[in-house]
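Q:
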Amino acid sequence: MTEPELRVFVAIVKHYFEQQTGIAAEVYTPFLADPDALPVLDYTGVIGISGNRQGCVYFTAPAELLRLILSRSGETDLSPRNLADLAGEIGNTISGNARRQFGNEFLISVPLVVQGRDQTISLPKGVKAYVIPFCWQHHDASLVVSVV
Amino acid sequence: MTRKLLIVDDSNIIRNKIARALGAYGLEIAGLAPNGASALEIFSAVRPQVVTMDLTMPEMDGIECIRKLHAIDPRVRILVVSALADKATAIQALKEGAQGFLCKPFTEEELTEAIGELLSEEAS
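Sequences listed follow chains A and H, in order.
Here the working numbering is used: the first residue of the first sequence is 89, the next is one more, and so on.
Here the working numbering is used: the first residue of the second sequence is -4, the next is one more, and so on.
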């Protein structure tokens, strides 16, 4: 993953929050992840990548951030089921939007949602993972990109 | 005449969002389907005039579902609502029988505008 490619994901994260909530997310400088210390928050939506690229992209966020987004969208059911659904949908949307730059051979899976901070996310071996940290409405979350 | 709408998306919150927006717009929500296979069953039972269609779904994806819905009823108006933002996917969906393409993330205003265009083309 090159720096310009990482910038694609940074731009998509910014666009997502501005467009969906009307409130910008503050995106910090991406960094190379420590495979033994990957960020995992309350809900994580994992998207497998295949085709012309291999790996995965995941979005991880605290429950409160997801509740706030759902509330702003008019959703009244803030159950864990819908929070998980939203985590998967955000992962899916960010990965799908990346096809604008990566092309239609950048194949994305349906989301796999993992619940709980004590979970481990398995990334492809030998592929560097980059963390794109950001903050929205005082809640920290991350997008992790591990794609070769 | 109130048009019937079938909403196809594997995300419950997206189905709800579309239902809220297009219900308020005046469409009758005739069915909600989490994948293409379920959409075909509901479509045959309720015969909606309008469908919103996600593309990345389990069991049967949106492109295959569009093809099959169009084979059942070539008059059906289909708006693709998908995160897949590349031109090739949009062109393929239109070739298979969709009439419009709205990229996620979307606002309710963008959705109603896209449906409005879809239905105005039908009338012309």
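Ideal Cβ positions, reconstructed from N, Cα and C, are used throughout, including at glycine.
If you're wondering where the values come from, they're calculated on a predicted model, not measured in any experiment.
Within 8 Å (strictly less), CB to CB, does Glu152 of chain A reach chain H?
A: Not one chain H Cβ lies under 8 Å of Glu152 of chain A.
Q: Look at the alpha carbon of Ser251 of chain A and the alpha carbon of Ile196 of chain A, and state the distance between them as a whole number of angstroms.
A: Any property of residue 251 of chain A remains undetermined from this structure, which presents chain A solely from 89 to 236.
Q: Using alpha carbons as the reference points, say which of A:Leu120, A:Phe105 and A:Asn140 lies closest to Glu114 of chain A.
A: Ranking A:Leu120, A:Phe105 and A:Asn140 by Cα distance to Glu114 of chain A puts A:Phe105 first.
Q: For Gly166 of chain A, I'd like the list of residues in its chain whose CB is within less than 6 Å of its CB, leaving aside the five on either flank, ordered along the chain.
A: As written in the sequence, residue 166 of chain A is Leu, which differs from the Gly given in the question. Closer than 6 Å at Cβ, skipping near neighbours: Arg155 and Leu158.
Q: I'd like to know if Arg15 of chain H contacts chain A, where contact means its C-beta is closer than 8 Å to some C-beta of that chain.
A: Chain A, which has a Cβ nearer than 8 Å to the Cβ of Arg15 of chain H, makes this yes.
Q: Of all the beta strand (DSSP E) runs that stay within the bounds of the segment 19 to 89 of chain H, which reach a length of 3 or more residues?
A: Those beta strand (DSSP E) runs which fall completely within the segment 19 to 89 of chain H and span 3+ residues are 23 to 28, 45 to 48 and 72 to 77.
Q: Give the interface partners of Ala28 of chain H over in chain A, defined as CB-CB distance under 8 Å, in chain order.
A: Near Ala28 of chain H there are no residues of chain A at all, since even the closest Cβ is about 15 Å away, more than 8 Å.
Q: Could you tell me the distance, in whole angstroms, from the CA atom of Thr181 of chain A to the CA atom of Leu114 of chain H?
A: If I take the Cα positions, the gap works out to 26 Å.
Q: I think Ser234 of chain A touches Leu211 of chain A, with their Cβ atoms under 8 Å apart; what is that distance to the nearest whole Å?
A: Correct: roughly 4 Å between the Cβ atoms.
Q: So, under 8 Å CB-CB, Pro53 of chain H and Asp4 of chain H are touching, yes? Tell me the CB distance rounded to an integer number of Å.
A: Incorrect: roughly 12 Å between the Cβ atoms, too far for contact.
Q: With burial defined as no fewer than 16 other Cβ atoms inside 10 Å of the residue's Cβ, what is the status of Ala83 of chain H: buried or exposed?
A: Classification of Ala83 of chain H: exposed, given that the 10 Å Cβ count is below 16.
Q: For Val134 of chain A, which beta-bridge partners are listed by DSSP?
A: Beta-bridge pairing links Val134 of chain A to A:Tyr146 and A:Leu200.
Q: Which residue marks the beginning of the beta strand (DSSP E) containing Phe222 of chain A, and which one marks its end?
A: Element bounds for Phe222 of chain A: Tyr218 to Trp224.
Q: What are the boundary residues of the beta strand (DSSP E) that includes Ser234 of chain A?
A: Counting along the chain, the beta strand (DSSP E) containing Ser234 of chain A begins and ends at His227 to Val235.
Q: Could you give the DSSP three-state label for Glu103 of chain H: helix, strand or coil?
A: In this structure, Glu103 of chain H counts as helix in the three-state DSSP scheme.
Q: Mind the definition here: the segment 89 to 109 of chain H touches the segment 197 to 204 of chain A only if three or more C-beta pairs lie below 8 Å; say whether that holds.
A: The answer is no - the segment 197 to 204 of chain A does not touch the segment 89 to 109 of chain H, with fewer than three Cβ pairs under 8 Å.
Q: Could you tell me whether any Cβ in chain H is nearer than 8 Å to the Cβ of Gly184 of chain A?
A: So yes, Gly184 of chain A belongs to the interface.
Q: Following the continuous alpha helix (DSSP H) through Gly176 of chain A, name the residue where it begins and the one where it ends.
A: Where Gly176 of chain A is concerned, the enclosing alpha helix (DSSP H) stretches over Pro168 to Asn185.
Q: Count Cβ pairs between the segment 212 to 223 of chain A and the segment 114 to 131 of chain A that sit closer than 8 Å; are there 3 or more?
A: The segment 212 to 223 of chain A is in contact with the segment 114 to 131 of chain A.
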